[in-house]
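Visitor: Below are the structure tokens for one structure; questions will follow.
There are 2 protein chains.
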Amino acid sequence: MHILERIPQESARDFAFRVLKENIVSLELKPGTLISENEMAMELGVSRTPVREAIIDLSKVSIIETVPQRGSFVAYIDPKMVEESRFLRKVLDKAVIEVACDIASKEYIDALEENVHLQEFYLEKSDTEKIFTLDNLFHELIYSAAQKDIIYDMRSTMMLHFDRVRTLSVEAVKDLKIVNDHRSMLEAIKSHDKEAAVALVEKHLNRYSFDEDRIREEFPEYFK
Amino acid sequence: MHILERIPQESARDFAFRVLKENIVSLELKPGTLISENEMAMELGVSRTPVREAIIDLSKVSIIETVPQRGSFVAYIDPKMVEESRFLRKVLDKAVIEVACDIASKEYIDALEENVHLQEFYLEKSDTEKIFTLDNLFHELIYSAAQKDIIYDMRSTMMLHFDRVRTLSVEAVKDLKIVNDHRSMLEAIKSHDKEAAVALVEKHLNRYSFDEDRIREEFPEYFK
DNA sequence: TCTAGTCTACTTGTATACTAGTGTATCTAT
DNA sequence: ATAGATACACTAGTATACAAGTAGACTAGA
Numbered sequence: 180m181h182i183l184e185r186i187p188q189e190s191a192r193d194f195a196f197r198v199l200k201e202n203i204v205s206l207e208l209k210p211g212t213l214i215s216e217n218e219m220a221m222e223l224g225v226s227r228t229p230v231r232e233a234i235i236d237l238s239k240v241s242i243i244e245t246v247p248q249r250g251s252f253v254a255y256i257d258p259k260m261v262e263e264s265r266f267l268r269k270v271l272d273k274a275v276i277e278v279a280c281d282i283a284s285k286e287y288i289d290a291l292e293e294n295v296h297l298q299e300f301y302l303e304k305s306d307t308e309k310i311f312t313l314d315n316l317f318h319e320l321i322y323s324a325a326q327k328d329i330i331y332d333m334r335s336t337m338m339l340h341f342d343r344v345r346t347l348s349v350e351a352v353k354d355l356k357i358v359n360d361h362r363s364m365l366e367a368i369k370s371h372d373k374e375a376a377v378a379l380v381e382k383h384l385n386r387y388s389f390d391e392d393r394i395r396e397e398f399p400e401y402f403k
Numbered sequence: 180m181h182i183l184e185r186i187p188q189e190s191a192r193d194f195a196f197r198v199l200k201e202n203i204v205s206l207e208l209k210p211g212t213l214i215s216e217n218e219m220a221m222e223l224g225v226s227r228t229p230v231r232e233a234i235i236d237l238s239k240v241s242i243i244e245t246v247p248q249r250g251s252f253v254a255y256i257d258p259k260m261v262e263e264s265r266f267l268r269k270v271l272d273k274a275v276i277e278v279a280c281d282i283a284s285k286e287y288i289d290a291l292e293e294n295v296h297l298q299e300f301y302l303e304k305s306d307t308e309k310i311f312t313l314d315n316l317f318h319e320l321i322y323s324a325a326q327k328d329i330i331y332d333m334r335s336t337m338m339l340h341f342d343r344v345r346t347l348s349v350e351a352v353k354d355l356k357i358v359n360d361h362r363s364m365l366e367a368i369k370s371h372d373k374e375a376a377v378a379l380v381e382k383h384l385n386r387y388s389f390d391e392d393r394i395r396e397e398f399p400e401y402f403k
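From first to last, the protein sequence lines are chains P and V.
Oh and the first sequence: position 13 is 192 in the working numbering, straight run, nothing missing.
Oh and the second sequence: position 189 is 368 in the working numbering, straight run, nothing missing.
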């Protein structure tokens, strides 16, 4: 497992949660791996309690499976769960951007404006890493603008299923297209054009295809 | 706090979670109340650990607010959160019933059929309690039929915000209408009529109105 | 009367100890 | 050699102990 740096003042629980999440999505922790609370506590330099609490959180969305008295395992890739997370994202993103079109305040519009501007800036420099971070922030901002913050949290945790298969997809989505999508979405929000916004989200999400058959063939050991 | 009976083989954590949930929704635990992990552990006859884990869960959706080194408090009714939960339900219920129209298996159709039949049975007997339980099960069955079980869990926890103001609403929704709605939804699912199903959900949810001003006037101490 | 300080009684966060169950490897008996 | 019993090493669930911080009551002094 790849141990991240602990952020100052970060609680042990949040730390453990963050490390677990990263390692699962990046497939550093392979599906089927046993996560020992004890071992992980040692590695992180914290006690079992916060590690355990983080594991419980992730069990909630079935990305970790806990069998009493046996262990906690990284869940195998389950197409049903991938579909469930993709479904959740599509449904929520569309509904939320509509609300954002209605009620986004100038404050958030400005934040989105800056965000997209930076995306375009780093697109110029081909800094995919930065764009990835800004991408996530962009969507979070929309949820905030629509005052749907708790829902965003749920979406994030659930998206782990999808993020993890995205790690396996060779076919990288072109940054150019993504950034363009975001620019268009922002313009739609600014002009309160709900219909356009929803259509853009639909198109945006369709860029992330999930070729289950290919991935299953290439990484059969990751599937149940 | 009203202590429920512990179900055999129920884990201490699930038990604590269930008791907390019930007491918060029923307003037995009033908004603003301090929930002491220690005290609750004593009352339930378990240790702090499972109680704490239950509290963490509920903090996730902001129905409990935990301030480090100060305490965990039952959150005041926050119209923003009520709206967020109502929004989540509306968006998900509509999207999920569409899926159910597409893929509900005979097994689930049968289960729904039995469920609605029982609702009609208890409607005859005016057993509101039973209908309430069957009502919840009905919606859970639809989510299961659409293979969206994790999403249903999220919805449930988030709905606590809404369920709690529903407790305060005097205007009881008529059982007759509810049961009729359910019957119609089932028929829509059986005939794969997505449009009708979505329209029914919309109508169904509109029955649950939330007169914030009135409730706020009547119970000002429950609001922040 | 007011203010500064201190003490107490609480809280959560974290660490550790104990319990009970599971799977495996090993040993024993046939 | 094989089947069954058994010991062991691990697990998660729960209980308890300790650390660190907060709020409020109380006291002493001006």
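Each residue gets a CB set at the ideal place from its N, CA and C atoms; glycine is no exception.
1) Quick one: does the C-beta of V/Glu299 sit closer than 7 Å to a heavy atom of the ligand HEM?
2) Using a Cβ-Cβ cutoff of less than 6 Å, which residues in the same chain neighbour P/Ile310 once the five nearest sequence positions on both sides are dropped?
3) Just to make sure I have the definition right: I need the residues of chain P whose C-beta is within less than 8 Å of the C-beta of V/Gln326. Which are they?
4) Return the bridge partner residues of P/Ile243 from the DSSP annotation.
5) Taking 8 Å as the cut-off, decide whether the C-beta atoms of P/Phe194 and P/Leu223 are in contact.
6) Indicate whether P/Ser241 and V/Ile329 have their beta-carbon atoms separated by less than 8 Å.
7) Taking a cut of 9 Å between CB atoms, which residues from the region 226-239 of chain P lie near chain V?
8) Using the Cβ count rule (16 or more neighbours within 10 Å means buried), how would you classify V/Leu183?
9) Which word fits P/Ile282, buried or exposed, when buried means at least 16 other C-beta atoms lie within 10 angstroms of its C-beta?
10) Considering only the alpha carbon of each residue, which of V/Ile214, V/Met221, V/Val230, V/Pro210 lies closest to V/Arg197?
11) Would you mind listing the alpha helix (DSSP H) stretches within the region 315-348 of chain P that are 4+ residues and don't spill past its ends, in chain order?
12) Does the beta-carbon of V/Gln248 have 16 or more other beta-carbons within 10 angstroms, so that it is buried, or is it exposed?
13) With a threshold of 6 Å on Cβ separation, who are the neighbours of P/Phe317 within its own chain once the five nearest residues in sequence on each side are excluded?
14) So V/Arg268 packs on V/Arg227, CB below 8 Å; how close in whole Å?
15) In whole angstroms, give me the CA-to-CA distance for P/Leu313 and P/Leu347.
16) With distances taken Cα to Cα, identify the nearest neighbour of P/Ile357 among P/Met338, P/Phe341, P/Glu381.
17) Assuming contact is defined by CB atoms lying nearer than 8 Å, are P/Leu365 and P/Glu292 in contact in what I supplied?
18) Roughly how many whole angstroms lie between the Cα atoms of V/Ala367 and V/Asn359?
19) Between the region 270-293 of chain V and chain P, which residues of the former have a C-beta closer than 9 Å to a C-beta of the latter?
20) Could you tell me which residues DSSP pairs with V/Leu267 in its beta bridges?
21) May I ask you to report which of helix, strand or coil DSSP gives V/Phe398?
22) Mind checking which residues open and close the alpha helix (DSSP H) that includes V/Val352?
23) So, for P/Arg343: in the same chain, excluding its five sequence neighbours on each side, which residues have a beta-carbon less than 6 Å away from its beta-carbon?
24) Could you give the distance in angstroms between the alpha-carbon of P/Ile276 and the alpha-carbon of P/Ala233?
25) Which of the three DSSP states, helix, strand or coil, is assigned to V/Ile214?
26) Using a Cβ-Cβ cutoff of 9 Å, what residues of the region 213-224 of chain P are near chain V? List them in chain order.
27) I'd like to know whether the C-beta atoms of V/Cys280 and V/Ala378 end up nearer to each other than 8 Å.
28) Just to confirm my understanding: we take V/Pro210, look at its own chain, exclude 5 residues before and 5 after, and list those with CB closer than 7 Å. What are they?
29) Identify the contact partners of P/Ser370 in chain V, using a Cβ-Cβ distance below 8 Å as the criterion.
30) Could you check the C-alpha separation between V/Ser388 and V/Val261 for me, to the nearest Å?
31) Using a Cβ-Cβ cutoff of less than 8 Å, which residues in the same chain neighbour P/Glu201 once the five nearest sequence positions on both sides are dropped?
32) Between P/Glu244 and V/Gln326, is the Cβ-Cβ spacing less than 8 Å?
33) Within 10 angstroms of the Cβ of V/Asp392, are there 16 or more other Cβ atoms? Answer buried if so, exposed if not.
34) Which residues bound the alpha helix (DSSP H) around V/Leu379?
35) If we ignore side chains and look at the alpha-carbon of each, how far apart do P/Ser190 and P/Val352 end up?
36) Specify the secondary structure class of V/Ser238 as computed by DSSP and reduced to three states.
Guide: By the coordinates alone:
1) As for the ligand HEM, it is missing from this structure, which has no ligand bound.
2) Gln298, Tyr301, Asp354
3) For V/Gln326, the neighbours in chain P by C-beta distance under 8 Å run, in chain order, Lys259, Glu262, Glu263.
4) P/Val253
5) In contact: P/Phe194 and P/Leu223 (Cβ atoms closer than 8 Å).
6) Yes, the Cβ-Cβ distance between P/Ser241 and V/Ile329 is below 8 Å.
7) Thr228, Arg231, Glu232, Ile235, Asp236, Lys239
8) exposed
9) exposed
10) Looking at V/Ile214, V/Met221, V/Val230, V/Pro210, the one whose alpha-carbon comes closest to that of V/Arg197 is V/Val230.
11) Within the region 315-348 of chain P, the complete alpha helix (DSSP H) runs of at least 4 residues are 328-347.
12) exposed
13) Asn294, His361
14) Not quite, the Cβ-Cβ distance comes to about 33 Å (not below 8 Å), so this is no contact.
15) 21 Å
16) The candidate whose alpha carbon is nearest that of P/Ile357 is P/Glu381.
17) yes
18) 12 Å
19) Val270, Leu271, Lys273, Ala274, Val275, Val278
20) None, per the DSSP bridge assignment.
21) coil
22) Counting along the chain, V/Val352 falls outside any alpha helix (DSSP H), and DSSP gives it neither H nor E.
23) Val204
24) 30 Å
25) strand
26) none
27) no
28) Val253, Ala254, Tyr255, Ile256, Tyr401
29) Those do not exist, as P/Ser370 stays about 23 Å from chain V at its closest Cβ, beyond 8 Å.
30) Straight-line Cα distance between these residues: approximately 12 Å.
31) His181, Leu183, Glu207
32) no
33) exposed
34) From DSSP, the alpha helix (DSSP H) with V/Leu379 extends over 373-385.
35) When rounded, the distance between both Cα atoms is 35 Å.
36) Helix, per DSSP.
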